[in-house]
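Here is the structure we will look at, set down as structure tokens.
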Amino acid sequence: MKMNKYIVWVFVLIVFTVCSSQATPSRRVFILGIDGLDPTILEEFMDEELLPNFKALVKEGDMARLTTTMPPLSPVAWSTFITGLDSSGHGIFDFIHRDPVTYLPEFSIARSIPSDVSISLGSWVLPLKRASIKQLRKGTSFWEILEKQGVPTTIFRMPVNFPPNSPGYSLSGMGTPDLLGTQGGTFTLFTTSPPPQASRISGGRFYRVAVINNRLYLRLEGPDNPFRKETLSSLSKTNETHHRAKLGLDFKVFVDPKNPSAKLEVQGQEFVLQEGEWSDWILLEFEAIPYLVSVSATARFYLKQVQPDFELYVSPLQINPEDPAMQISTPNNWSKQLFQKLGHFYTQELPEDTKAFSAGVFSGKEFWEQSQFVYVEQMKALRHLLGRFQEGLLFFYFSSVDQGSHMLWRYFDPKHPAYVNDPGLQDSIKTLYREMDEALGLIREKLEKEDTLIVMSDHGFAPFYWQVNLNSWLLKNGYIHLKDPKKHNFPLFSNVDWSRTSAYSLGLNGIYINLKGREGQGIVLKGEDYKGLMSRLERDLMSMTDLRNGNFPVSFVRRKPRQLLENHGPDLIVGYRRGYRTSWESPLGGFTTEVFEDNHNAWSGDHSIDYRLVPGVLLSNRKIKISNPALYDLTVAVLDEFGVEKLPEMIGQDCLEDKD
Ligand SMILES: [Zn+2]
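Written as structure tokens, this is what we have:
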């Protein structure tokens, strides 16, 4: 069809009039995502005049509590923000899901699929197809929708986006493993005296070493060698035990006999560390096939102690952004471009080494120092991204407030069973909030009035005083039966008699009914049996009593909707009162003699409780137009800022006023 010029002009005019009668879409939207930023703590510090930039933003725009998800866990909450859907839509219910057939825990964010096509050459196996990793979150992300409408997006370390999925720029965050494939990373400690329980400590590898003639010859182990037969056969589901062929690299340490320092020689890189000093990022190449294939990583070395015990910490092996062994960015080479601008940086999820701290390898001061490295790197990245931010959407994520509030809570809360009076750390959480204020200051400086600024968190925070072993409680109340009732300390439900067990707990807040036809050895029938059991459980949970102090630890239970019976999510989600959380053993099917115990772990703050008690926060330079905004409303608001309609399946509504 041909149109003459006049008709085209009329058409353009009509479109122009229609569009301009609505609000003009924003040129730039900046979202600052701060994991675990708590509205009450934020208000307290604002009242103390510690956060001038937050205060100015509230004055200019608005602030509200942001309703989080149940359970209020980061993977669940961020998935809801990303997709505008609840758990039944995006499929993420916890950090940990279970395989219904085996009752074994599985990581909820991503799953690796080994390559099944290979050829054998002696003891070598050459995979013809690369093993792949599948992201498990369902639904469409708001940045995919925006990119489709021509809005350029940059998504920096968004949680639950691994492997990263975006037509624009993105760097993956929570869910990204270290080179060993472990979540949260695995540190290494070379020490002349490993702790007695070293083999049972999760998140770290301990190697006993000896200093002979002031020298140490050490081997840093890498991931399994994907090219060796032993590795591939160990992936088979049989129970044969295989010795795994590991990649590794040898390095030398020369201890100074006079001073508390040492010289390290790692693959041709020489550096001297004083006791208590950290190295820069050191490049590591693990040879998989000599001279042909190597796997690249980076790590930082920390000489914790020279005398009387020698202790050398090596950070979790990072996927090298310059030469990533797994995809961590879109486009694939964006991590390399970032490296060229920023130098090396932590690429694993949540890089603050909470595990080294929990294991006693780090003191509070050492943890603080290490987490400040992360903050400094992230600020450098923020400056760089702000510098190149011309149009569209920029999302930037900080993990420091969440990780710090987990680990440093006990330093300022004298009511905590693990309270530590340490003047050096009592204000550390305050400092973390001030650092976020500093970041906000940079952002506000860069943005113009017509740009939209959103600051948001996925959930708030609460103290973690007391643990509840939900599985032990289910056992005491007759829902679980053991094969050998005299033995309690078995992980992964290994002592559970499934033929007499009606419900079990897995993950941080979930309870699953041992349903016939759905669970591997299910016994509970669908229909009346299931319904009756659910009601009884709800009643029992709500009246659960901690006899040590008379508290009722559970304040909320969410029941799975009937139509979702076959869905992989838990049948009941348990919400604790402030102060309580699930125990350390229960989430992976472990039992303890006592149901309730004090929490003496360095991990002393938490948020996996009743979602109504730990809302997140929303601040913006736009007014907030609905009274109880939720994470899924914010998704719609972000789209609306660019004049883009929400998808029909999205459950929220626009919560931000358009700019005038
Ligand atoms: Zn957290």
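Remember, the numbering used here sits 756 above the position in the sequence shown when you count from 1.
From the three backbone atoms N, C-alpha and C, an ideal C-beta is built for every residue, glycine too.
query                                                                                                                             : result
Simplified DSSP state of Val1157, which is helix, strand or coil                                                                  : helix
One or two residues paired with Arg1056 in a DSSP bridge                                                                          : Trp1037
Rounded C-alpha distance that separates Lys1232 from Val1351                                                                      : 8 Å
Bounding residues of the beta strand (DSSP E) (the contiguous stretch that carries Gln1134)                                       : Segment 1120-1143 is the alpha helix (DSSP H) holding Gln1134; no beta strand (DSSP E) there.
Contact between the region 1187-1195 and the region 1302-1322 (3+ Cβ pairs under 8 Å)                                             : no
Ligand 1 heavy atom lying under 7 Å from the CB of Gly792                                                                         : yes
Reduced DSSP category for Ile783 - H, G, I as helix; E, B as strand; rest coil                                                    : Reading off the sequence, residue 783 comes out as Arg, not Ile. Note: Arg783 maps to coil in three-state DSSP.
First and last residue of the uninterrupted alpha helix (DSSP H) at Gly845                                                        : 843-846
Run of the beta strand (DSSP E) containing Phe943, from where it starts to where it stops                                         : 943-947
Whether Thr839 touches Thr896 by CB criterion (8 Å)                                                                               : yes
Collapsed DSSP secondary structure at Glu1401 in the structure displayed                                                          : coil
Touching by the beta-carbon criterion (3+ pairs, under 8 Å), the region 1244-1259 and the region 841-861                          : yes
Asp1389 versus Ile790: straight-line alpha-carbon distance, rounded                                                               : 17 Å
beta-carbon Ser830 near ligand 1 non-hydrogen atom, thresh 7 Å                                                                    : yes
Contact check, Leu1238 vs Asp1253, beta carbons under 8 Å                                                                         : yes
DSSP bridge partner residues for Trp1222 (one or two, in chain order)                                                             : Tyr1336, Asp1354
Short Cβ contact (8 Å threshold) for Ser1156 with Val1130                                                                         : yes
First through last residue of the alpha helix (DSSP H) which encompasses Glu799                                                   : 795-803
Neighbourhood of Lys1019 by C-beta distance below 6 Å, restricted to the same chain and skipping five residues each side          : Phe1010, Val1028
Local Cβ density within 10 Å of Ile1380, reported as buried at 16 or more and exposed below that                                  : buried
Cβ contact (3+ pairs, closer than 8 Å) linking the region 1050-1059 and the region 917-933                                        : no
Alpha-carbon spacing of His998 relative to Leu829, whole angstroms                                                                : Residue placement at His998 is flagged as unreliable, the pLDDT there being 41, under the threshold of 50; a coordinate-derived value is accordingly withheld.
Distance, Lys1282 Cα to Asp747 Cα                                                                                                 : The requested residue 747 does not occur in the structure, where the chain is confined to residues 757 to 1416.
Option in Leu1395, Ala1081, Pro1326 with minimal Cα separation from Ser888                                                        : Ala1081
Asp855: CB within 7 Å of a non-hydrogen atom of ligand 1                                                                          : no
Any C-beta of chain B under 8 Å from that of Gln1409                                                                              : No chain B is part of this structure, which consists of one protein chain only.
Cβ neighbours of Ser1035 in the same chain (closer than 7 Å, five flanking residues each side left out)                           : Phe1027, Leu1029, Arg1056, Phe1057
Contacts around Pro808, its chain only, beta-carbon distance under 7 Å, and the 5 residues preceding and following it disregarded : Asp1193
For Pro861, the residue or residues it bridges with in DSSP                                                                       : Arg854
Local conformation of Ser1166 per DSSP, three classes                                                                             : Reading the sequence as shown, one finds Arg at residue 1166 and not Ser. Helix.
N- and C-terminal bounds of the alpha helix (DSSP H) containing Leu1289                                                           : 1284-1298
Minimum C-alpha distance to Thr1181 - residue among Arg961, Pro1087, Ser1161, Tyr1260                                             : It is worth fixing the name first, because residue 1181 is Leu in this sequence and not Thr. Closest option to Leu1181, Cα to Cα, is Ser1161.
Backbone CA spacing between Tyr963 and Asp1012 [nearest angstrom]                                                                 : 21 Å
Of the listed residues Asn1270, Lys1202, Glu1206, nearest to Tyr1235 (C-alpha basis)                                              : Asn1270
Closer than 7 Å: Asp850 CB and nearest ligand 1 heavy atom                                                                        : no
Ser992, buried or exposed, once every other Cβ within 10 Å from all chains shown has been counted against 16                      : Low confidence applies here, because Ser992 scores a pLDDT of 40, under 50, leaving its location unreliable and the question unanswered by this model.
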